[in-house]
Each structure stands twice: as structure tokens, then as C-alpha cells.
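S.K.:
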Amino acid sequence: MLAYGLFLLSGLALGALYSLGGIGLVLLNRATGVLNFAYGAIGAVGAMIAWQVLNWGGPEPLAWAASIGAGLLLSLAFGRLLAPGLAHREPVVKAVATLGFAIALLGLMNLIWSITPRSLSLTVDKQSVAVLGVRITGTRLLAIGAGIAITALTGVLLARTRMGLMMRALADNREVASVLGVPIRKVETTAWSVSGALAGFTGLLFGDLVRLDPTVLTFLVIPIIATTVIGRLTSIPVTFAAGIAIGIIESMLALYSPLTPFRVAAPFVVAIAALMWMQRGRYLTFAGED
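Mapped onto my numbering, the consecutive letters of the sequence shown carry residue numbers 1 to 290.
1. Applying the criterion that 16 or more other CB atoms from any shown protein chain within 10 Å of the CB defines a buried residue, is N36 buried or exposed?
2. Taking all protein chains shown into account, do 16 or more other C-beta atoms lie within 10 angstroms of the C-beta of L255, making it buried, or fewer, making it exposed?
3. Does N29 pass the burial test, meaning 16 or more other C-beta atoms within 10 Å, or should it be called exposed?
4. Might you give, ordered along the chain, the residues of its own chain that have their beta carbon closer than 7 Å to the beta carbon of T260, omitting 5 neighbours on each side?
5. For the stretch 78-89 and the stretch 132-151, state whether three or more C-beta atom pairs, one from each stretch, are separated by less than 8 Å.
6. If you draw a straight line from the C-alpha of D208 to the C-alpha of T234, how long is it?
7. Assuming contact is defined by CB atoms lying nearer than 8 Å, are W192 and S75 in contact in what I supplied?
8. Identify the continuous alpha helix (DSSP H) that holds A191 and give its terminal residues.
9. Skipping 5 residues on each side, what residues in its chain have a beta carbon closer than 6 Å to that of Y283?
10. Which residues does DSSP pair with V129 in a beta bridge?
11. Contact check, A38 vs F78 under 8 Å by CB: the rounded distance?
12. Looking only at its chain, what residues have a beta carbon closer than 6 Å to the beta carbon of A273, apart from the 5 residues adjacent to it on each side?
13. Measure from the alpha carbon of L158 to the alpha carbon of each residue in V194, V124, D125 and I144, then state which is nearest.
14. Determine the contact status of I224 and L25, defining contact as a CB-CB distance below 8 Å.
15. What's the C-alpha gap between A50 and Y18?
16. Grouping DSSP H, G and I as helix and E and B as strand, with all else coil, what is T227?
17. Between the alpha carbons of T123 and E175, how many angstroms are there, rounded?
18. How should S121 be labelled, buried or exposed, when 16 other C-beta atoms within 10 angstroms of its C-beta is the threshold for buried?
19. Is it the case that the Cβ atoms of T154 and I23 are separated by a distance below 8 Å?
20. Is N29 helix, strand or coil by DSSP?
21. Entirely within the stretch 60-145 and at least 3 residues each: give me those beta strand (DSSP E) ranges in chain order.
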């Protein structure tokens, strides 16, 4: 039972980070219409810079600030320099542009930090508490707590604040929002900045929990995008629940040796199952027409 509890809590922590990434993507998409495939790469750059700061003997708070700041600046740079030229292009064109940005960042990381084994050990990871009779590290506890808190705060931002109202107006119709006086540049700058800061934060925690490797961290965007697909790029609560579900399933599959190789498929299986469930009414309608 202890093993089940350990893997369950690990899955909750991993899922909370997937949820945080998904929330960052949903927030950005609702304000700009961009599905940012570079989210994982931005987080990876933040994590690698944090590692470099620690490797040089810098204080850990500076490493945290460097990771979050790097994520914010990289995201903002793309949002201010490249995204405006894509504002009136199709969503797929915007997505491909962010994919190109991700590949460029990955190449830059591999150039600066040669592919050698590294590890990132945060001070918070050396602390632990007992939960359900199982010791859980501070990093996992932080991931779960941050996931819940940021989900709640983002929901309040979008539903109860003027900035959230402007983001929703911009997502509905960019031209009408401009006519109504919505400061498009300000709203988009805010969205890119917040999304980037979340990328830097989640990248740092992923680097500690999963593996400090630019390629691995870059492609963590895949399960993150799966959470947004289930949330249809609009729902914060559904995105959070999807991330938790994917994280738990991935973690629990490690307990069963025959299924362990299929852990990487968990995000796709969960996404497909969720989409089929959400479309069940439409299928029944088609069946009735036949």
C-alpha cells in the first residue's frame, strides 16, 4: 500500500505541473489565439539557467528568479517581436511559428550546454512531510500547492477582473475588441509575460522532479498540450483536472512492468478518451438520424 501511496502522490505532483503548463497555454491562447509549442523549450531554458547559477555558486533564490525571469523574457520577446506579424494568420501558422521557436531554443541549449548528465537539486526537495503515511518531498508538495493556487488565481483573473474581461473580449473577436477600446498590445503583453513566467517556474520544478535535460524538458509540452485539448483551450478547471489525471495515470503505470513502456502514451489515451466522452451526445444524435 505504501508503494501505491508513493506513486499516487508522485502522480499528483507531476499532474499538477502538467496542469500549470496547461493553464499557461490556455491563458495565452484565450488572449492571443496562439497555441505555444515553445512552452516546454522556454521552461527548459529557465531550468538550465537556474542550474548554471547554482553551478557558479549563486544563491538559490537568484536561481529561482533567473528561471522565472528567463521564461518571462523569452515569451515576451516572441510575443512582442514575432507574434504581431502573425496576428491575422491562421491558428496553424501561429502554432508552427512557435514550434520553430522551440527548435531554435533547443538548438541553442544544446550548443551552450553540451549533452552531459546533470542534476538539479533544490533546497525544498531536501525537506519532506508525511502524507497518508508516505513521505513526500517539498518539491512535490510545492508543485501540488502551486497547481491548486495558480488554478484558482487564474480562474479569478479571467472571470472577475478587468484584465480577464479584456482577454476574453480579445479572444472572442480581435477587431471588435479593438473598436471597443481594448488595449490589445497591453493585454497581449500581459498574457505573454504571465505565460512565460509560469513556463520558467514549471520548467524549474520539472528539472528537479523529472530530469534536467533540454530535450526531455522541451518535449514535456506534449502532455501539457494534451491537458489543453481536453479543456478545449478554454476551461481552466477542466485543464487542471486533465493534468492531474494524466500525471496519476503515468505514475501508476510504473507499478505494472508490462505497461511501463506505454507510460508516454498516457496523455494521448486520456485526451482521446476525454474527447470521445465529451462528444458522446453528438454521436448519439448521428445514430438517431440514421
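Just so you know, even glycine gets a beta-carbon here, dropped at the ideal spot from N, CA and C.
M.R.: Answer, in terms of the structure:
1. The residue labelled residue 36 in the question sits at position 36 within the sequence shown. Classification for N36: buried.
2. The residue given as residue 255 occupies position 255 in the sequence shown. Exposed: under 16 other Cβ atoms inside 10 Å.
3. Counting from one through the sequence shown, the residue named residue 29 turns up at place 29. Taking a 10 Å sphere around the C-beta of N29, we find 16 or more other C-beta atoms and assign the residue as buried.
4. Reading the sequence shown from its first residue, position 260 is the one you call residue 260. Cβ-Cβ distances below 7 Å link T260 to L253 and A254 in the same chain, with the five nearest sequence neighbours on each side left out; the list follows chain order.
5. No, because fewer than three Cβ pairs between the stretch 78-89 and the stretch 132-151 fall closer than 8 Å, the two stretches do not touch.
6. Position 208 of the sequence shown, counting from 1, holds the residue named residue 208. Position 234 of the sequence shown, counting from 1, holds the residue named residue 234. Computed Cα separation, rounded: 29 Å.
7. Residue 192 sits at position 192 when you count from the first residue of the sequence shown. Residue 75 sits at position 75 when you count from the first residue of the sequence shown. Yes, the pair counts as a contact, with Cβ atoms nearer than the cut-off.
8. Reading the sequence shown from its first residue, position 191 is the one you call residue 191. Taken as a continuous stretch (DSSP letters only), the alpha helix (DSSP H) holding A191 covers I184 to L209.
9. Your numbering for residue 283 matches position 283 in the sequence shown. Note that Y283 has pLDDT 45, beneath the 50 cutoff, so the model's placement of it is unreliable and no number is given.
10. Within the sequence shown, the letter at position 129 stands for residue 129. Answer is I136.
11. As a working mapping, residue 38 is identified with position 38 in the sequence shown. As a working mapping, residue 78 is identified with position 78 in the sequence shown. Contact holds; Cβ gap of about 7 Å.
12. What you label residue 273 is simply residue 273 of the sequence shown in a count that begins at 1. Excluding sequence neighbours, A273 sits near nothing in its chain.
13. If you number the sequence shown from 1, residue 158 lands on position 158. The shortest Cα separation from L158 among V194, V124, D125 and I144 belongs to V194.
14. Counting from 1 along the sequence shown, the entry for residue 224 is found at position 224. Counting from 1 along the sequence shown, the entry for residue 25 is found at position 25. Taking 8 Å as the cut-off, the Cβ atoms of I224 and L25 count as close.
15. Reading the sequence shown from its first residue, position 50 is the one you call residue 50. Reading the sequence shown from its first residue, position 18 is the one you call residue 18. Taking the straight line joining both Cα atoms gives about 20 Å.
16. Along the sequence shown, one-based indexing puts residue 227 at 227. In the three-state reduction of the DSSP assignment, T227 falls in the helix class, which pools H, G and I.
17. Walking along the sequence shown from the start, residue 123 turns up at place 123. Walking along the sequence shown from the start, residue 175 turns up at place 175. Within the model, the alpha-carbon separation for T123 versus E175 is close to 48 Å.
18. Walking along the sequence shown from the start, residue 121 turns up at place 121. By the 16-neighbour rule on beta-carbons within 10 angstroms, S121 is exposed.
19. Position 154 of the sequence shown, counting from 1, holds the residue named residue 154. Position 23 of the sequence shown, counting from 1, holds the residue named residue 23. Against a cut-off of 8 Å, the Cβ pair of I23 and T154 comes out as a contact.
20. Here the question's residue 29 lines up with position 29 in the sequence shown. Helix at N29.
21. Segments of the beta strand (DSSP E) lying fully in the stretch 60-145: 128-131 and 134-137.
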